[in-house]
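Presented below is the structure to which this report refers.
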Amino acid sequence: MKLNTAQAATAVQPTTTNDQRNGHSVYKPGLEGVVAAETALSHVDGQKGELLIGGYRLEELAANATFEEVVYLLWHGSLPQQSALETFEKSLATQRALPPAVVQLLRAAAKEQIPTMTALRMAAGTLDIDSANANDNSDPTTQAQVILARLPTIVATYWRLATGQEP
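Numbered per the numbering used here, the sequence shown spans residues 1 to 167.
This is the structure in structure tokens:
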């Protein structure tokens, strides 16, 4: 059967649900019944309007915790003690600097007025350009810290370059 454009836009498409009737997938609008992932890190209760992250209400975290504290919570399962937070923040700080090649890439992108998200994608692909172990996937914690530390630096560097300032 050939569909015209109007029919194609409303055609029933199979979903990723396991809800089967008469051997056919059942159309469900939106994301109803679709499980994207299961997690023990957060809980959403739409009826109560509640979002818990690491056992804390989102509103509490937003009002009282820093970004680094929330990352620590998600990575370690608890909010950090002051000494652990200081160690974590220092570790991130040592990894924030961008390699010269990344700054050159961002400088060229800004000169060409590349859209910000495109520049971010390009630079994200170079996050480990200065790593001696770029292909070593054995230490995901270090890799995650490099990503966490450098992405904000990439955004700030590109913004400054795009607005005619030095990074």
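The beta carbon of each residue, even a glycine, is placed where N, CA and C say it ideally should be.
Asked: Less than 8 Å between the CB atoms is what I'm expecting for Thr116 and Tyr158, so what's the real figure, rounded?; Found: 6 Å
Asked: List the whole-angstrom C-beta distance separating Arg150 from Gln95, where the pair is believed to meet the contact cut-off of C-beta under 8 Å.; Found: 7 Å
Asked: Rounded to the nearest angstrom, what separates Val71 and Pro167 at their Cα positions?; Found: 26 Å
Asked: Using alpha carbons as the reference points, say which of Pro152, Gly164, Gln165 and Ser78 lies closest to Ala97.; Found: Pro152
Asked: Under the three-state reduction of DSSP, which class applies to Leu51: helix, strand or coil?; Found: strand
Asked: Helix, strand or coil for Val44 per DSSP?; Found: strand
Asked: Taking only runs of the beta strand (DSSP E) that begin and end inside the region 31-115, which ones reach a length of at least 3 residues, in chain order?; Found: 42-45 and 50-53
Asked: Tell me which same chain residues have a C-beta within less than 8 Å of the C-beta of Ala63, skipping the five on either side of it?; Found: none
Asked: Between Gln81, Gln165 and Thr141, which lies nearest to Trp75 when the distance is taken from Cα to Cα?; Found: Thr141
Asked: With a threshold of 6 Å on Cβ separation, who are the neighbours of Leu58 within its own chain once the five nearest residues in sequence on each side are excluded?; Found: Leu51
Asked: Leu106 and Ile147 look like a contact to me (Cβ under 8 Å); what is the Cβ gap, rounded to whole Å?; Found: At roughly 16 Å, the Cβ-Cβ gap does not stay under 8 Å, so Leu106 and Ile147 are not in contact.
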